[in-house]
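S.K.: Numbering (our numbering), first residue to last: 4 to 339. Yeah, the Cβ is synthetic: ideal placement off N, Cα and C, and Gly gets one too.
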Ligand code: UFG
């Protein structure tokens, strides 16, 4: 697994081990802390093999894939901040694309033919009808981060097209939130959080004074944006289901939305977090954030039909688990 020390990766390691898989993690720790590894090991009750390098290092990637037989790779690693990608487009294209090229080349050379890729709902772009369905084309993202996801989807499809021994699952995540119910692992953004849930959690725990709600005049029921928030535990379970289905799949490219199919507004999230934490979340409605869409949510029926997987956790569960993580780890993972 690449990016196994990250937010979604760490939760997925635990699910995979519980399902009987042997997991090896590669992580550059560019955007994650080594302390997560010990937390994962406590939860799985054993040691986790972790290799600290960046997949853009072709030699190290090659060497690892040559060192033992891998049945499959789940590829989480990548830069993921939308705003930063606008400021640093070359870094985003270079890192996200080159790491994928390096990984796929090494996989093919060493006979590993199953790849599960972390794509995003952002590939549907601003014009796709709601709810988003996997068969929508063309994929058009509106920022460099999203474009790396669109490009990588195309690259992987093209490789699967010419290589009979290579199959790929493209998993389009909606808005992952929440944390492991133990409260020991969770989302640990560096600096000021870009995303809603970590920001709200930091307001609740007293690290930030108040939340800026970006826009109160959208054409939605309460005027704030609506998103399809999905518990990271449900998302992790979706990866295990997708891996199993891909291994058995006669088709070489499979695409699944991983969402709940239910939109929730920013004000509804705030109310849910206040219930979960028992604390008020002061907020102020400010201007819209550039690039935000009024509403996005998944048609989650394909994953339900084909994977037998569906999200089970409510927005209250997501906030309760996010709060447990945040209140037990107000500053995130320790540095050492
Ligand atoms: N929001 C606020 N205040 C904040 C942060 C967010 O009001 O401080 C609002 C946003 O305007 C938006 C909603 O909360 O309406 C959710 O925002 P996030 O930043 O949490 O999530 P996005 O839907 O914007 O972004 C997510 C992923 C991206 C992905 C994008 C599109 O984080 O990786 O969906 O699929 F690109």
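(1) Could you tell me which residues DSSP puts in a beta bridge with residue 170?
(2) Using only the alpha-carbon positions, how far apart do residue 321 and residue 204 sit?
(3) Any heavy atom of the ligand UFG inside 7 Å of the beta-carbon of residue 235?
(4) Cβ of residue 295 within 7 Å of any heavy atom in the ligand UFG?
(5) Please determine if the region 4-11 and the region 28-38 are in contact, where contact requires at least 3 C-beta pairs separated by less than 8 Å.
(6) According to DSSP, simplified to helix, strand and coil, what is residue 217?
(7) Looking at residue 202 and the ligand UFG, is the gap between the Cβ and the nearest heavy atom below 7 Å?
(8) Report the rounded CA-to-CA distance for residue 295 versus residue 221, giving the unit in angstroms.
(9) Leaving out the 5 sequence neighbours to the left and right, which residues in its chain are closer than 6 Å to residue 56 when beta-carbon positions are compared?
(10) What residues are listed by DSSP as bridge partners for residue 77?
(11) Express the C-alpha separation of residue 118 and residue 58 in angstroms, rounding to a whole number.
(12) Kindly indicate which three-state DSSP category residue 300 falls into: helix, strand or coil?
(13) How about residue 392 and residue 336: do their beta carbons lie closer than 8 Å?
(14) Within its chain, find whatever has a CB closer than 6 Å to the CB of residue 173; leave out the 5 residues flanking it on each side and keep chain order.
(15) Indicate the three-state DSSP secondary structure (helix, strand or coil) for residue 3 in the structure shown.
(16) How should residue 189 be labelled, buried or exposed, when 16 other C-beta atoms within 10 angstroms of its C-beta is the threshold for buried?
(17) Run through the region 194-253 for me and flag every whole alpha helix (DSSP H) of 4 or more residues, listed as ranges in chain order.
(18) Taking a contact to mean a Cβ-Cβ separation below 8 Å, would you say residue 227 touches residue 270 in this structure?
(19) Can you give, in chain order, each stretch of the alpha helix (DSSP H) that sits fully within the region 279-328 and has at least 4 residues?
(20) Which of the three DSSP states, helix, strand or coil, is assigned to residue 143?
(21) Hey, how far is the Cα of residue 125 from the Cα of residue 149?
(22) Who are residue 5's beta bridge partners in DSSP?
(23) How would you write the range of the beta strand (DSSP E) that residue 190 sits in, first residue to last?
M.R.: Taking the structure as given:
(1) 117
(2) 11 Å
(3) no
(4) yes
(5) yes
(6) strand
(7) yes
(8) 10 Å
(9) 63
(10) 119
(11) 15 Å
(12) coil
(13) The structure shown has nothing for residue 392, since the chain only spans 4 to 339.
(14) 120, 122, 156, 258
(15) The requested residue 3 is not part of the displayed model; the chain covers only 4 to 339.
(16) buried
(17) 199-207, 235-251
(18) yes
(19) 304-310
(20) coil
(21) 6 Å
(22) 29, 78
(23) Note, residue 190: premise wrong, no beta strand (DSSP E); not H, not E.
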